[in-house]
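Student: Numbering-wise (the numbering used here), the sequence shown opens with residue 284 and increments by one.
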Amino acid sequence: MSELRARLDVPSGADAPRGARKTVRQLLTAWGFTDGDWLDVADLVVSELVANAVRHGGGLLDVAVQAHENKVTISAADSTPIPPRRRTPDDTGGYGLALIDNLSAGWGVEDYEHGKRVWVRLRSHPTPPRPVT
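1. Does the distance from the C-beta atom of Ala381 to that of Asp361 stay below 7 angstroms?
2. My guess is that Asp343 and Val333 are in contact by the Cβ rule of under 8 angstroms, so how many angstroms apart are they, rounded?
3. Please report the distance separating the alpha-carbon of Ala303 from that of Arg370.
4. Can you check DSSP and say which residues form a bridge with Arg404?
5. Please go through the same chain and pick out, in chain order, the residues whose beta-carbon is closer than 8 angstroms to the beta-carbon of Leu310, but skip the five residues on each side of it.
6. Alpha carbon to alpha carbon, what distance is there between Val324 and His408?
7. Under 7 angstroms between the Cβ atoms of Leu291 and Val328?
8. Helix, strand or coil: how does DSSP classify Asp345 here?
9. So the alpha helix (DSSP H) Ala334 belongs to, where does it begin and stop?
10. Just confirm the distance between the C-beta atoms of Ile357 and Val392, as a whole number of angstroms; I'd bet it's less than 8 angstroms.
11. So, are the CB atoms of Thr363 and Gly340 less than 7 angstroms apart?
This is the structure in structure tokens:
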């Protein structure tokens, strides 16, 4: 499989995580990533990335998905250069980075235009992807 890429413009707001999650899941499924448990993890990662970009990042610019063989990286870009930081979880949140740490193969932050892009590399899909026809 050659590398596959997609970028999504996601409107900022309360519905952004749900819309991005649904679109990314459909995209990954079309690319042949069909393991339900793996897709559920991808859903959680997308939700956390987008919710954090909307809540803390000054609005969401875009979501990007890259896939090569059974490896997938999902990222979200926003308009603030302030990197995410771990917080002590409480009633208002603080669970996002711990969740991403536990569910992913790795994550990081890079400069993006006038803001930043937070990327998450998912754990490898358990089987080679087979595009849906």
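Each residue gets a CB set at the ideal place from its N, CA and C atoms; glycine is no exception.
All values reported here derive from a predicted model rather than from experimental measurement.
Tutor: Straight from the coordinates:
1. no
2. Asp is not the amino acid found at residue 343; the sequence shown has Leu there. Indeed they touch by this definition, with Cβ atoms about 6 angstroms apart.
3. 25 angstroms
4. Thr356, Gly389
5. Ala289, Val348
6. 11 angstroms
7. no
8. strand
9. 319 to 339
10. At roughly 14 angstroms, the Cβ-Cβ gap does not stay under 8 angstroms, so Ile357 and Val392 are not in contact.
11. yes
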